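*Asks:* Protein chains in written order, with my numbering: chain A, 362 to 588; chain B, 18 to 27. Have a look at this one.
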Amino acid sequence: MNIFRISADLLHLASFFILIFKMKATKSCKGISFKTQLMYTLVFTCRYLDLFHVLGMMITFNFAHITGLTLYNTFMKILFLAASYYIVYLMRTELKSTSDDARDTFVLWHILAPCAVLALIFNAQFTILEILWTFSIYLEAVAVMPQLMLLIETGEADSLSSHYMFAVGGYRALYLVNWVYRYATEPYYSNWIAWIAGFVQTALFGDFFYYYFVKIMSGDAALKLPT
Amino acid sequence: AAVHRDHDEL
């Protein structure tokens, strides 16, 4: 555990609260891609299946392998799962009438199928849990695509949406730094699957980051994309 | 040994 990893997780956690706050405050999910949020629930569901194992150990009072890091990870995993499912729930119940589904036109198979195939080929171990974990890593890298397409279609984003995108994009950039740090400090550390996927994921936000910083510099309220 | 690293990250 290092400062880069902790700040990354806190930035990720902030992204959920920014989005939920925005949806509750404006009572609208306009400009938010349901498909991207749905992909995030799938990402965390496939990635955090080890929760059952950890929670199983806890309720059987088998604390031998429970460390502080395990508790931190378990707490955050439950938070991330709850927040991402809550967002999808909000978008399909209370805020359904304000959904932007008409413009949320990204074809999900274009990311689901390649990630599934890649996870079956490039993985650390050919086991169900490891393949699902790898699938979640690949899927998270491209899960923002529907949201980016919607942002391009809209041509602009209000400031909360742009802060949300900055947080959700920035957290993985901090993970890249965390991986460099761990590679440099831990003798047998290698995480090339997550590194490559994380690099692609951060690169996908590159264009957005550019316009986000331009907006910050120029003091504009809303993020403007070139028409 | 290629210790199968446990996923200790989120």
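From the three backbone atoms N, C-alpha and C, an ideal C-beta is built for every residue, glycine too. The structure presented is a predicted model; accordingly, all values stated were derived computationally and were not measured.
Measuring CB to CB, does threonine 495 of chain A end up less than 9 Å from alanine 480 of chain A?
*Replies:* Within the first sequence, residue 495 of chain A is the residue found at index 134, counting from 1. Within the first sequence, residue 480 of chain A is the residue found at index 119, counting from 1. Contact flag set, yes.
*Asks:* Please tell me whether serine 497 of chain A and cysteine 407 of chain A are closer than 9 Å, where the distance is taken between their beta carbons.
*Replies:* Residue mapping note: residue 497 of chain A aligns to position 136 of the first sequence, counting from 1. Residue mapping note: residue 407 of chain A aligns to position 46 of the first sequence, counting from 1. Yes, they are a contact pair.
*Asks:* Taking the C-alpha atoms as reference points, what is the distance between valine 478 of chain A and valine 415 of chain A?
*Replies:* Position 117 of the first sequence, counted from the first residue, corresponds to residue 478 of chain A. Position 54 of the first sequence, counted from the first residue, corresponds to residue 415 of chain A. Rounded to the nearest angstrom, the two C-alpha atoms are 28 Å apart.
*Asks:* Is it true that the CB of isoleucine 393 of chain A sits closer than 9 Å to the CB of methionine 452 of chain A?
*Replies:* In the first sequence, counting from the first residue as 1, residue 452 of chain A sits at position 91. In the first sequence, counting from the first residue as 1, residue 393 of chain A sits at position 32. It is a contact, given that the beta carbons lie within the stated cut-off.
*Asks:* Below 8 Å on the Cβ atoms is my contact criterion, and I expect leucine 430 of chain A with leucine 490 of chain A to pass it. Report the Cβ-Cβ distance as a whole number of Å.
*Replies:* By one-based count along the first sequence, residue 430 of chain A stands at place 69. By one-based count along the first sequence, residue 490 of chain A stands at place 129. Wrong, their Cβ atoms sit about 19 Å apart, outside the cutoff.
*Asks:* Give every residue of the same chain whose Cβ lies closer than 6 Å to the Cβ of histidine 524 of chain A, excluding the five residues on either side of it in the sequence, and list them in chain order.
*Replies:* The residue given as residue 524 of chain A occupies position 163 in the first sequence. Within the same chain, histidine 524 of chain A has close Cβ partners Ile379.
*Asks:* Are the Cβ atoms of glycine 559 of chain A and leucine 372 of chain A separated by less than 9 Å?
*Replies:* Within the first sequence, the letter at position 198 stands for residue 559 of chain A. Within the first sequence, the letter at position 11 stands for residue 372 of chain A. Not closer than 9 Å, so no.
*Asks:* 9 Å is my cut-off, CB to CB: does aspartate 465 of chain A come that close to chain B?
*Replies:* Your numbering for residue 465 of chain A matches position 104 in the first sequence. Not an interface residue.
*Asks:* Going by alpha carbons, who is nearest to tyrosine 401 of chain A out of A:Tyr446, A:Ala582, A:Ala534, A:Thr459?
*Replies:* For the purposes of this step, residue 401 of chain A is identified with residue 40 of the first sequence, where counting begins at 1. For tyrosine 401 of chain A, the nearest C-alpha among the options comes from A:Tyr446.
*Asks:* Can you find the residues in the same chain that come closer than 8 Å, C-beta to C-beta, to phenylalanine 483 of chain A, ignoring five residues on each side of it along the sequence?
*Replies:* In the first sequence, the residue the question calls residue 483 of chain A occupies position 122. Closer than 8 Å at the Cβ level, and outside the excluded window around phenylalanine 483 of chain A, lie Thr495, Ile554.
*Asks:* At a Cβ threshold of 9 Å, is lysine 396 of chain A touching chain B?
*Replies:* Sequence index remark: in the first sequence, residue 396 of chain A carries index 35 (1-based). Taking Cβ atoms only, chain B never reaches closer than 9 Å to lysine 396 of chain A, which makes this a no.
*Asks:* Name the chain B residues that come within less than 9 Å of tryptophan 494 of chain A, Cβ to Cβ?
*Replies:* In the first sequence, counting from the first residue as 1, residue 494 of chain A sits at position 133. Those are His24, listed as they occur along chain B.
*Asks:* Is there a Cβ of chain B sitting closer than 9 Å to that of asparagine 539 of chain A, yes or no?
*Replies:* For this step, residue 539 of chain A is matched to residue 178 along the first sequence. So, interface residue.
*Asks:* Just to confirm, are alanine 583 of chain A and alanine 518 of chain A a CB contact at a threshold of 9 Å?
*Replies:* For this step, residue 583 of chain A is matched to residue 222 along the first sequence. For this step, residue 518 of chain A is matched to residue 157 along the first sequence. Cβ distance < 9 Å, so alanine 583 of chain A and alanine 518 of chain A count as in contact.
*Asks:* If you measure from the beta carbon of aspartate 411 of chain A to each beta carbon in chain B, is any gap under 9 Å?
*Replies:* The residue given as residue 411 of chain A occupies position 50 in the first sequence. True, the Cβ-Cβ gap to chain B drops below 9 Å.
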